[in-house]
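Quick note on the working numbering: the sequence shown kicks off at 695 and runs consecutively. Here a beta-carbon is modelled for each residue, glycine too, at the ideal position from N, C-alpha and C. Reading through the structure tokens given below for one structure.
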Amino acid sequence: PDLRGFEDSDLKIQQAHKSIIELRSYINHKLDELKAEEQKQKTKENLKEIQKEIRKSLVDREGLQQQLHGLLPSVGTQQGGYDFEKWFYEALDYSDIQCRRPYKVDGRQIDGSLTIDGTTYLVELKFTKNQTGSGDIDSFKAKIDKMADNTM
Numbered sequence: 695p696d697l698r699g700f701e702d703s704d705l706k707i708q709q710a711h712k713s714i715i716e717l718r719s720y721i722n723h724k725l726d727e728l729k730a731e732e733q734k735q736k737t738k739e740n741l742k743e744i745q746k747e748i749r750k751s752l753v754d755r756e757g758l759q760q761q762l763h764g765l766l767p768s769v770g771t772q773q774g775g776y777d778f779e780k781w782f783y784e785a786l787d788y789s790d791i792q793c794r795r796p797y798k799v800d801g802r803q804i805d806g807s808l809t810i811d812g813t814t815y816l817v818e819l820k821f822t823k824n825q826t827g828s829g830d831i832d833s834f835k836a837k838i839d840k841m842a843d844n845t846m
């Protein structure tokens, strides 16, 4: 009704109807895009859950125990250390603990990290025959002291 009473009322009304149709089309298109994006996200989440279940089914608790017992003869060897590292992260996966496998930062090897209740902890793994001495612990503490204040 606001467009009536002008010389070009018919043209304005036609343009308004055209604009409404275009706006409805645009809104419907955007809604379809949103639905497609939501569906993508749901699919990704479902895939992550399936992958987690597959990983968990491949590694059961008894299998983890057997693997750990199988590592005992290689305690103190370099290969034993690598095998223990692999076992450690399989155990974290089995326990649904968020983790990051070994990586390098500024030329330093980090054995990995794990996150519990939003706190990330750096991991230093040792697979030695003898108990770690105070010198190794002091060296490790010095490395940690060089990192950020909130590093654990």
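Taking 8 Å as the cut-off, does the region 704-718 touch the region 738-753 (at least 3 CB pairs, one atom from each stretch)? For the pair of segments examined, the region 738-753 was found not to touch the region 704-718: the number of CB pairs separated by less than 8 Å stays below three.
What residue ranges within the region 757-827 form continuous alpha helix (DSSP H) runs of no fewer than 4 residues, ordered along the chain? Unbroken alpha helix (DSSP H) runs of no fewer than 4 residues, entirely contained in the region 757-827, are found at 772-788, following chain order.
Measuring only the C-alpha atoms, how far is Pro796 from Leu728? Here the question's residue 796 lines up with position 102 in the sequence shown. Here the question's residue 728 lines up with position 34 in the sequence shown. Pro796 and Leu728: Cα-Cα distance of roughly 37 Å.
In whole angstroms, what separates the C-alpha of Gln761 from that of Glu784? Counting from 1 along the sequence shown, the entry for residue 761 is found at position 67. Counting from 1 along the sequence shown, the entry for residue 784 is found at position 90. Whole-angstrom Cα-Cα distance: 10 Å.
Answer with buried or exposed for Phe821, where buried requires no fewer than 16 other C-beta atoms within 10 angstroms of its C-beta. As a position in the sequence shown, residue 821 is number 127, starting the count at 1. The residue in question, Phe821, is buried, as its Cβ has 16 or more Cβ neighbours within 10 Å.
Assuming Phe778 and Leu765 make a contact with CB atoms under 8 Å, what is their CB distance in whole Å? Here residue 778 refers to the residue found at position 84 when the sequence shown is read from its first residue. Here residue 765 refers to the residue found at position 71 when the sequence shown is read from its first residue. About 6 Å separates the beta carbon of Phe778 from that of Leu765, a gap short enough to meet the 8 Å contact definition.
Can you round the beta-carbon distance between Asp830 and Leu819 to whole angstroms, since I take them to be within the 8 Å contact cut? Position 136 of the sequence shown, counting from 1, holds the residue named residue 830. Position 125 of the sequence shown, counting from 1, holds the residue named residue 819. The Cβ separation is near 13 Å, so there is no contact.
What is the DSSP secondary structure of Asp754, reduced to helix, strand or coil? Within the sequence shown, residue 754 is the residue found at index 60, counting from 1. It is coil, neither helix nor strand.
Could you check the C-alpha separation between Arg794 and Ser833 for me, to the nearest Å? As a first step, residue 794 must be located in the sequence shown, where it is residue number 100. As a first step, residue 833 must be located in the sequence shown, where it is residue number 139. The alpha-carbon atoms of Arg794 and Ser833 are separated by roughly 23 Å.
Cut-off 7 Å between Cβ atoms - residues of its own chain near Gly774, not counting five sequence neighbours on either side: As a working mapping, residue 774 is identified with position 80 in the sequence shown. Leu765, Ser768, Phe821.
In whole angstroms, what separates the C-alpha of Ile810 from that of His723? Here residue 810 refers to the residue found at position 116 when the sequence shown is read from its first residue. Here residue 723 refers to the residue found at position 29 when the sequence shown is read from its first residue. The straight-line gap from Cα to Cα measures roughly 41 Å.
Given a cut-off of 8 Å on the beta-carbon distance, is the pair Gly770 and Lys734 in contact? Numbered from 1 along the sequence shown, position 76 holds the residue referred to as residue 770. Numbered from 1 along the sequence shown, position 40 holds the residue referred to as residue 734. Cβ atoms of Gly770 and Lys734: not closer than 8 Å.
Note down, in chain order, each residue of its chain lying with its Cβ closer than 6 Å to the Cβ of Ile791, except the 5 sequence neighbours on either side. Within the sequence shown, the letter at position 97 stands for residue 791. For Ile791, where only same-chain residues beyond five positions count, the Cβ hits under 6 Å are Leu808.
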